[in-house]
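This report refers to the structure that appears directly beneath it.
2 protein chains.
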Amino acid sequence: MAYSLSEENYLKEIYHLSQDGARKISLTALSERLGIKAASAVDMIRKLSAKRFITYEKSKGVKLTTAGAKVALSIVRSHRLWEVFLLEKLKYSWDTVHGIAEQMEHIKDPELADRLDEFLGRPDYDPHGDPIPKSDGRMPRIPKTTLSDVAVGAACVVVGIKDTSPAYLQYLKKLGISIGTRIRVSERIEYDGSMVIEIGKGNRPNVSKQFAESVLVD
Amino acid sequence: MAYSLSEENYLKEIYHLSQDGARKISLTALSERLGIKAASAVDMIRKLSAKRFITYEKSKGVKLTTAGAKVALSIVRSHRLWEVFLLEKLKYSWDTVHGIAEQMEHIKDPELADRLDEFLGRPDYDPHGDPIPKSDGRMPRIPKTTLSDVAVGAACVVVGIKDTSPAYLQYLKKLGISIGTRIRVSERIEYDGSMVIEIGKGNRPNVSKQFAESVLVD
DNA sequence: ATTATTTTTTAGGCATCCCTAATTTCTATT
DNA sequence: AATAGAAATTAGGGATGCCTAAAAAATAAT
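Chains as they are written, first to last, in the numbering used here: chain A, 1 to 218; chain B, 1 to 218.
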């Protein structure tokens with residue numbers, strides 16, 4: 001069954017809202033996320049219900065059916081893979097990839113996501129540390145570990161970052177940290193939670209606790 | 001100035017028709033290419049005229065303005081670059097890339113085409129041998145030379161193919177010929193125009209005139 | 001329990017981009 | 001110049017996906 005760009009965006013947002021742990025997804029919440037008015041959502045909710053992609057009860061809110069979740073997950077997969085492509089291959093900065101991937105996620109071809117996945121080396125995480133669903137729907141374990149959790153003496157690999165402010169990105173660049181960078185924790189200063197880290201060889205900067213908490217590692 | 005997907009497709013087709021050497025682009029010809037009815041084209045032609053992307057006089061047909069040509073060329077550039085990406089990086093077959101690139105050409109970002117171009121190594125031709133416009137609008141020379149034009153003893157590089165039938169593609173694969181393959185012409189048989197060619201070392205097949213005429217070389 | 005507030009729904013509209021079915025206007029022949 | 005055929009246009013519609021404004025229903029607060 002075919003579905004429009006708009007339908008895909010609804011399904012994707014419903015998925016995100018349910019992932020965010022909302023116990024009930026109301027039309028108001030959904031329409032806010034989509035940047036439209038609640039009245040406009042009514043038609044689409046009916047349409048998606050008729051197509052059996054969602055169920056909707058006023059009391060229980062919107063829920064994805066198995067078919068709907070499948071579509072949503074394929075969009076999320078596509079989005080995150082394109083983010084990796086844009087950052088790693090086209091050298092876009094961390095904060096610009098999302099908007100472009102928002103467009104690319106809707107390109108339709110039965111083999112595209114798998115071929116892209118293969119080309120990118122089957123990454124588990126996108127540049128923001130979000131897990132990339134596998135083609136069979138499985139999800140890589142969500143990386144909740146940050147650099148600040150790493151024990152002294154232990155090493156880790158950067159899988160994503162949580163902060164995409166220009167200042168933060170600039171700092172990362174200056175430190176030479178990007179996806180895949182290996183970091184060893186040399187020392188932790190108890191006073192303020194800051195740490196001395198080792199990037200490659202020779203480079204041993206001291207970074208604040210605040211900084212370390214925004215670096216997702218594996 | 002922003003423009004819709006539909007507007008982009010009109011501008012692209014007008015460009016293609018003018019490239020095909022049509023001395024007059026009629027609404028009928030245009031609508032046929034776009035797969036719509038002529039009546040539907042009237043509105044859009046008016047719209048594009050109002051936006052100064054085209055001029056339209058019944059006697060002279062549709063013509064792109066400088067602004068319109070710029071948009072059309074950027075779509076064509078994007079399309080051809082994505083074709084290269086899909087074939088070379090994602091290993092799609094020659095005949096499938098066009099349809100997917102048709103979707104990808106509309107992704108909007110000011111830096112995308114240039115970054116993709118860079119990533120792909122600034123190719124001059126797409127997999128069908130069509131020249132890829134440069135970011136400043138310049139066009140690589142159109143490769144009108146085919147393998148059958150190459151002199152005995154001379155070498156050439158494959159830049160594209162004209163035939164995308166499954167049988168032809170399969171044959172190419174069997175011969176080990178793809179974009180960038182270097183071919184030397186060892187011998188030409190006058191009787192039927194067939195030739196003995198050298199691909200890499202050791203591989204010296206005899207190919208028909210018909211085959212050689214569909215291989216674009218530089 | 002009765003307001004007040006929020007949420008949902010209806011009703012009527014608008015822009016985009018396409019359609020069919022008539023015309024009208026060209027163009028090319030005779 | 002008359003006319004057949006082709007091309008362009010008008011008129012009226014339809015689907016999609018959004019809107020505002022108002023009404024109805026549900027939930028929360030007093």
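In this text, a Cβ means the ideal position worked out from N, Cα and C, and glycines have one as well.
Practice task
Verify whether the separation of the beta carbon atoms of Trp94 (chain B) and Leu169 (chain B) is less than 9 Å.
Solution key: Taking 9 Å as the Cβ cut-off, Trp94 (chain B) and Leu169 (chain B) qualify as a contacting pair.
Practice task
Could you work out which residues of chain B lie near Lys12 (chain A), taking near to mean beta carbons separated by less than 7 Å?
Solution key: Taking a Cβ-Cβ threshold of 7 Å, none of the residues of chain B is close to Lys12 (chain A); the smallest such distance is about 17 Å.
Problem - Interface residues of chain A facing Leu30 (chain B) [CB-CB closer than 9 Å] - result: Contacts between Leu30 (chain B) and chain A, judged by CB atoms closer than 9 Å, are missing: the closest CB pair is about 25 Å apart.
Exercise for the section: Classify Ile142 (chain A) as buried or exposed, calling it buried when 16 or more other Cβ atoms lie within 10 Å of its own Cβ. Expected result: By the 16-neighbour rule on beta-carbons within 10 angstroms, Ile142 (chain A) is exposed.
Practice task
With a floor of 4 residues, list each alpha helix (DSSP H) that falls wholly inside the segment 112–160 of chain A, ordered by position along the chain.
Solution key: For the alpha helix (DSSP H) assignment, the uninterrupted runs of no fewer than 4 residues enclosed by the segment 112–160 of chain A are, from N- to C-terminal side, 112–119.
Exercise for the section: Note down, in chain order, every chain A residue with its Cβ under 8 Å from the Cβ of Gln210 (chain B). Expected result: Those within 8 Å of Gln210 (chain B) in chain A number zero; the least Cβ separation is about 31 Å.
Problem - Whole runs of the alpha helix (DSSP H) within the segment 31–65 of chain A, excluding any shorter than 4 residues - result: DSSP runs (the alpha helix (DSSP H)) wholly in the segment 31–65 of chain A: 38–50.
Handout entry: CA-to-CA distance, Lys134 (chain B) to Leu172 (chain A), given in whole angstroms
Key = When rounded, the distance between both Cα atoms is 33 Å.
Practice task
Measuring only between beta-carbons, confirm whether Ile100 (chain A) sits less than 9 Å from chain B.
Solution key: Chain B, which has a Cβ nearer than 9 Å to the Cβ of Ile100 (chain A), makes this yes.
Practice task
Tell me whether Ile100 (chain B) sits in a helix, a strand or coil according to DSSP, three-state version.
Solution key: Three-state DSSP puts Ile100 (chain B) in a helix.
Exercise for the section: Confirm, please, whether the CB-CB distance from His128 (chain A) to Glu83 (chain A) is below 9 Å. Expected result: In contact: Glu83 (chain A) and His128 (chain A) (Cβ atoms closer than 9 Å).
Practice task
Please work out which residues of its chain come closer than 7 Å, Cβ to Cβ, to Asp114 (chain B), disregarding the five sequence neighbours upstream and downstream, and give them in chain order.
Solution key: Here the set comprises Ser135.
Exercise for the section: Compute the beta-carbon to beta-carbon distance between Glu198 (chain A) and Arg204 (chain A), rounded to the nearest angstrom, for a pair I have assumed lies under 8 Å. Expected result: The Cβ separation is near 5 Å, so the contact holds.
Practice task
For my contact list, Val185 (chain A) and Ala151 (chain A) are in at a C-beta cut-off of 8 Å; report their separation, rounded to the angstrom.
Solution key: A Cβ-Cβ separation of about 7 Å places Val185 (chain A) in contact with Ala151 (chain A) under the 8 Å criterion.
Practice task
Measure from the C-beta of Asp126 (chain B) to each C-beta in chain A and report whether the shortest distance is under 9 Å.
Solution key: No, Asp126 (chain B) lies away from the interface with chain A (no Cβ there is under 9 Å from its Cβ).
Exercise for the section: Can you give me the Cβ contacts of Thr96 (chain A) inside the same chain, cut-off strictly under 8 Å, excluding the 5 residues immediately before and after it? Expected result: The residues are Leu86.
Exercise for the section: Find the residues of chain A that neighbour Leu90 (chain B), judging by a C-beta separation of less than 7 Å, and give them in chain order. Expected result: Ordered by position in chain A, the residues that pass the 7 Å Cβ test against Leu90 (chain B) are Arg115, Leu116 and Phe119.
Handout entry: Gly68 (chain A) versus A:Gly137, A:Thr28, A:Asp163 and A:Leu81, residue with shortest Cα-Cα distance
Key = The candidate whose alpha carbon is nearest that of Gly68 (chain A) is A:Gly137.
Exercise for the section: Starting from Ser6 (chain A), follow the beta strand (DSSP E) in both directions and report where the run begins and ends. Expected result: In the DSSP assignment, Ser6 (chain A) falls outside any beta strand (DSSP E) and within the unbroken alpha helix (DSSP H) covering Leu5 to Gln19.
Exercise for the section: Anything in the segment 61–89 of chain B with a Cβ closer than 7 Å to a Cβ of chain A? List those residues in chain order, please. Expected result: Residues passing the 7 Å Cβ filter: Lys89.
Exercise for the section: Spatial neighbours of Thr146 (chain B) within its chain, please: CB distance less than 8 Å, with the 5 preceding and 5 following residues excluded, ordered by chain position. Expected result: Annotation for Thr146 (chain B): Lys162, Ala212, Glu213, Ser214, Val215, Leu216 and Val217 place their beta carbon closer than 8 Å to its own, counting only its chain and skipping 5 residues before and after.
Exercise for the section: Can you check DSSP and say which residues form a bridge with Ile25 (chain A)? Expected result: Under DSSP, Ile25 (chain A) takes part in a beta bridge, and its partners are A:Gly61.
Exercise for the section: Could you work out which residue in A:Ala155, A:Pro123, A:Gly180 and A:Lys209 is closest to Tyr191 (chain A) when comparing CA atoms only? Expected result: Comparing Cα positions, the closest option is A:Lys209.
Exercise for the section: Give a yes or no on whether the minimum CB-CB distance between Lys51 (chain A) and chain B is below 9 Å. Expected result: No, no contact with chain B.
Exercise for the section: Please classify Leu90 (chain A): does DSSP put it in a helix, a strand, or coil? Expected result: The answer is coil: DSSP assigns Leu90 (chain A) none of H, G, I, E or B.
Practice task
Using a Cβ-Cβ cut-off of 9 Å, state whether Leu112 (chain A) counts as contacting chain B.
Solution key: Interface criterion met: the Cβ of Leu112 (chain A) is under 9 Å from a Cβ in chain B.
Exercise for the section: Assess, as a yes-or-no matter, whether the segment 50–65 of chain A is touched by the segment 6–24 of chain A under the definition of 3 or more beta carbon pairs within less than 8 Å. Expected result: Because the criterion of three Cβ pairs below 8 Å is met, the segment 6–24 of chain A and the segment 50–65 of chain A touch.
Handout entry: Close beta carbons around Met104 (chain B), own chain, < 6 Å, minus the five adjacent residues each side
Key = The residues Trp82, in chain order, have a CB closer than 6 Å to that of Met104 (chain B) in the same chain once the five nearest residues on each side in sequence are set aside.
Exercise for the section: Assign Gly160 (chain B) to one of two classes, buried (16 or more other C-beta atoms within 10 Å of its C-beta) or exposed (fewer than that). Expected result: It counts as buried.
Practice task
Could you round the C-beta distance between His79 (chain A) and Ala50 (chain A) to whole angstroms and report it? I think they count as a contact, below 8 Å.
Solution key: Incorrect: roughly 26 Å between the Cβ atoms, too far for contact.
Practice task
Look at the alpha carbon of Gly202 (chain A) and the alpha carbon of Arg77 (chain A), and state the distance between them as a whole number of angstroms.
Solution key: Near 38 Å, if we compare the C-alpha coordinates of Arg77 (chain A) and Gly202 (chain A).
Practice task
Identify, in the order they occur along the chain, each residue of the same chain with its Cβ nearer than 6 Å to the Cβ of Thr164 (chain B), setting aside the five sequence neighbours on each side.
Solution key: By the criterion of a C-beta distance shorter than 6 Å, Thr164 (chain B) is surrounded in its chain by Trp94 and Asp95, once the five residues flanking it on both sides are discounted.
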